[in-house]
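Numbering (the working numbering), first residue to last: 816 to 1268.
Below is one structure; the comments refer to it alone.
And the structure:
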């Protein structure tokens, strides 16, 4: 099964009887022709890695003609709509705070859509018409058609294939730079309404700072938590993203990979024989994610390589599917933790900084897996060492991403805090022991007031 059970109302326009070459030729268009398909009030959905700036900029050029076009996506690039003047024409609501849209969200130019990735479109799929956000237009990026009339969505599939079944209109940027991937990444020409040729670069994940001493410490302790034969998941973040590059998994054998995304250095572990999928209960001998590759070389490795498979986010982030990987070690980052084990992942106070991503889903999946473990990597301080990321209590307005009820393992550069099965008093002791030494005394005093008479 590669489709989430949430998708109940799938329809398809797949028609293998057409002369796909003639249909493809008829549906070729310019960015301006594609933009002309939009109407006021339309809902535009853009999966990550698929935004076509030529199409989106042509849409923005029609701002005087349009009103209330709602734009959503995990990452929404600025096509010219992040200004107060554009707010009448476009109502933009990213679902993940990034350098592309974070400032617009916090300035009130853009809205923000809290979400759980596995159920992004649940209201629509469940037939709750009065609550649903239907997809009027889906904008994706794909390869040119192959000899059978199919296009691949490349190394970033996300929900592009599944949402093509939901959308009224599907617009695709056709790009020779997109690679072909195995798994559930293909659509037929008959399922797409408009093809816009382009030669823009494909998505390569954000570059993060060079690893530092904190990252070396985090890597040292994370490596102790991963055993031969485990299935791993690594979330994207400035510190989790350094783990593979620093060799956290180099001494292991026959690992499997089942995840939302990849970080730089994971794809080469397949070529080195470290990630083999040998003991995977879900996808034997495969490396599985919805977005694979973080450099041009890594993306080239994935091209037409059956060792790698891409699937819908609605499948890969379903905790029930994650839990089928009995010994999964889910490794994700956070911004802050409190002494009871609550984690803040995507906001600083109420201000959006990042997104939930797969952290909550994989924390739940690992909790449900018979031998699973959820690991949160957390540098002990922020702002050049002036603030402890481990707090006695969260400040008012701080959004809790992972509740303390499923608290598991927290790693800082000072050690491993093991929270699973422990009381709040014991958790406080574990977390204080891995906090920065400059803040431990203060945290002990606070713990005494919070948890003791």
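In this text, a Cβ means the ideal position worked out from N, Cα and C, and glycines have one as well.
Should residue i go down as buried or exposed, given a rule of 16 or more other Cβ atoms within 10 Å for buried?
i, result
"residue 1267", "exposed"
"residue 825", "Bear in mind that the predicted position of residue 825 carries a pLDDT of just 42, short of 50, making it unreliable; the figure below should be weighed with that in mind. It counts as exposed."
"residue 1015", "exposed"
"residue 1211", "exposed"
"residue 1071", "buried"
"residue 898", "exposed"
"residue 958", "buried"
"residue 869", "buried"
"residue 1093", "exposed"
"residue 1101", "buried"
"residue 1154", "buried"
"residue 1136", "buried"
"residue 820", "Model confidence at residue 820 stands at a pLDDT of 41, short of 50, so the residue's coordinates are unreliable; what they give is reported in the following sentence. Counting Cβ neighbours within 10 Å, residue 820 comes out exposed, since fewer than 16 surround it."
"residue 832", "exposed"
"residue 900", "exposed"
"residue 974", "buried"
"residue 944", "exposed"
"residue 796", "For residue 796 there is no data in the structure shown, the boundaries of the chain being 816 and 1268."
Return the residue from the list the options that minimises the CA-CA distance to residue i.
i, options, result
"residue 1158", "1223, 1074, 1097, 1033", "1223"
"residue 1009", "1103, 1106, 841", "841"
"residue 999", "967, 849, 989", "967"
"residue 929", "1166, 941, 911", "911"
"residue 1181", "1038, 1049, 1238", "1049"
"residue 909", "1063, 1069, 860", "860"
"residue 854", "863, 964, 874", "874"
"residue 858", "830, 833, 848, 907", "907"
"residue 1035", "829, 976, 1192", "1192"
"residue 913", "903, 889, 1200", "889"
"residue 1095", "1084, 1200, 1069, 1076", "1069"
"residue 1195", "1168, 1238, 1244, 1255", "1255"
"residue 835", "943, 936, 965, 864", "965"
"residue 1086", "1076, 1116, 1156, 1067", "1116"
Less than 7 Å between C-beta atoms, sequence neighbours within five positions excluded: which residues of the same chain meet that for residue i?
i, result
"residue 1163", "1150"
"residue 1230", "1036, 1248, 1249"
"residue 1257", "none"
According to DSSP, which residues form a beta bridge with residue i?
i, result
"residue 1072", "1047, 1102"
"residue 1141", "Answer is none; residue 1141 lacks a bridge partner."
"residue 1125", "998, 1104"
"residue 1188", "1144"
"residue 847", "Note: residue 847 sits in no beta bridge, so no partner."
"residue 1012", "989"
Among residues of its own chain, excluding the 5 on either side of residue i, which ones have a beta-carbon nearer than 6 Å to its beta-carbon?
i, result
"residue 856", "883"
"residue 1178", "1189, 1217, 1221"
"residue 985", "953, 979, 1007, 1008"
"residue 1186", "1141, 1142"
"residue 1081", "1059"
"residue 830", "1005"
"residue 946", "938"
"residue 983", "951"
Tell me, please, whether the CB atom of residue i is closer than 8 Å to any CB atom in chain D?
i, result
"residue 1060", "Of the chains in the structure shown, none is chain D; there is only one protein chain."
Quick one: what's got a C-beta closer than 8 Å to residue i's C-beta in the same chain, skipping five residues either side?
i, result
"residue 1259", "1247"
Mind the definition here: the stretch 988 to 1006 touches the stretch 942 to 953 only if three or more C-beta pairs lie below 8 Å; say whether that holds. no
Touching by the beta-carbon criterion (3+ pairs, under 8 Å), the stretch 1022 to 1030 and the stretch 1044 to 1060: yes
Segment contact flag, the stretch 988 to 996 with the stretch 1035 to 1043, C-beta cutoff 8 Å, min 3 pairs: no
Should the stretch 1116 to 1127 be regarded as contacting the stretch 919 to 939, the criterion being three or more beta carbon pairs within less than 8 Å? no
For the stretch 1138 to 1150 against the stretch 1108 to 1116, do three or more pairs of beta-carbon atoms, one drawn from each stretch, fall closer than 8 Å, so that the two count as touching? no
Under 8 Å, with one C-beta from each stretch per pair, do the stretch 1200 to 1216 and the stretch 1251 to 1264 reach the 3-pair mark? yes
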